[in-house]
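Below: one structure, written as structure tokens.
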Amino acid sequence: MDVLNGKLIVAINSSVRLFEWTAEKELRLECSHFNYITALFIKVKGDQVLVGDLMRSMTILNYKAVESTFEEVAKDYRGMWMTAVEFIDAETALGAEASHNLFTCEIDRGADNADEKRRLAEAGMFYLGEMVNVFQRGSLVSSHVDNPLPIEKPILYGTVDGTIGLIVQLPEKYFRFFSDVEKGVAKETDNCMRIEHAVYRQFASEKLVDKAVGFIDGDLVESLLDMPRETAAAALAGIERPDGETEGSSSPEELIKFIEDISRIH
997 MDVLNGKLIV AINSSVRLFE WTAEKELRLE CSHFNYITAL FIKVKGDQVL VGDLMRSMTI
1057 LNYKAVESTF EEVAKDYRGM WMTAVEFIDA ETALGAEASH NLFTCEIDRG ADNADEKRRL
1117 AEAGMFYLGE MVNVFQRGSL VSSHVDNPLP IEKPILYGTV DGTIGLIVQL PEKYFRFFSD
1177 VEKGVAKETD NCMRIEHAVY RQFASEKLVD KAVGFIDGDL VESLLDMPRE TAAAALAGIE
1237 RPDGETEGSS SPEELIKFIE DISRIH
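Our numbering puts the first residue of the sequence shown at 997, with every later residue one more than the last.
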């Protein structure tokens, strides 16, 4: 359940229902939306409502206060057994599913026809390795003015194993930088299972196996800080700082210090 415009919105069995607290101190049903197997999760952002279904992934609704109705804006038609959902912004949703994967979907405003516009487009996929059971917007630490990374829309997650993690949105140039670092570190190290990092992090469920996209493995990037200097230098070869602080190639020491500063956001 959540609060929508001062009213109570609740997922009940196969429906989403909006209740208003009346002057007579009664909950009055205002409107409902159906077409779910079992609606498990509700998140609200403005007039937008994100619904996570037991096995029908995610749906974004728009609440029309004047008509007292819900309009289905877009939905993900893939079969996903959901364990948690959250808004990144009004048109982008983050989901976790039962095979320990994370994924993001977005409303495709550039679609050619109305049917495609009502379909949530796949934006990101990533194998986390733990089952997420809660998302919460926010951060565990206060914002640092001197932090070089302009993080946006931080989202905390919790898993059934007791892990607390942080997901942030990165500007494009920072995403490219961390992607290069991720690939460099993966090239220089082996994980405990002796398989390629790209294979380990690929999205894998009963019905779908696909490469990871749209996510950076922050744990792998931060493992650079524990590497021997020679190995770290090899992993960072040819990589430049994304903030333009240095011209030409950046030294390994500069990049390591940069990554160390950024690691303080959690």
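Idealized CB from N, CA, C, for every residue including glycine.
query                                                                                                                                                             : result
So for ALA1208, helix, strand or coil by DSSP?                                                                                                                    : coil
Since I believe GLU1178 is in contact with GLN1165 (beta carbons under 8 Å), could you give me their beta-carbon distance rounded to a whole number of angstroms? : Actually they do not touch by this definition, with Cβ atoms about 17 Å apart.
Which residues mark the beginning and the end of the beta strand (DSSP E) in which TYR1153 is found?                                                              : 1148-1155
Counting C-beta neighbours from all protein chains within 10 Å, is the total for GLY1082 16 or more, i.e. buried, or is it exposed?                               : A small fix is needed here, since residue 1082 is Glu in this sequence, not Gly. Result: buried.
Taking 8 Å as the cut-off, decide whether the C-beta atoms of LEU1116 and CYS1101 are in contact.                                                                 : yes
With 16 as the cutoff for other CB atoms within 10 Å, does LYS1039 come out buried or exposed?                                                                    : buried
Looking at the strands, I want to know which residues DSSP matches up with ASN1097.                                                                               : GLU1093 and TYR1123
Which of helix, strand or coil does DSSP assign to ALA1230?                                                                                                       : helix
For ILE1052 and ALA1200, I'd like the C-alpha separation in whole angstroms.                                                                                      : Note that residue 1052 is Arg in the sequence shown here, rather than Ile. Rounded to whole angstroms, ARG1052 to ALA1200 spans 17 Å at the Cα level.
What are the boundary residues of the beta strand (DSSP E) that includes PHE1037?                                                                                 : 1035-1041
Does the structure place the region 1178-1197 close enough to the region 1091-1109 that three or more beta carbon pairs sit under 8 Å?                            : no
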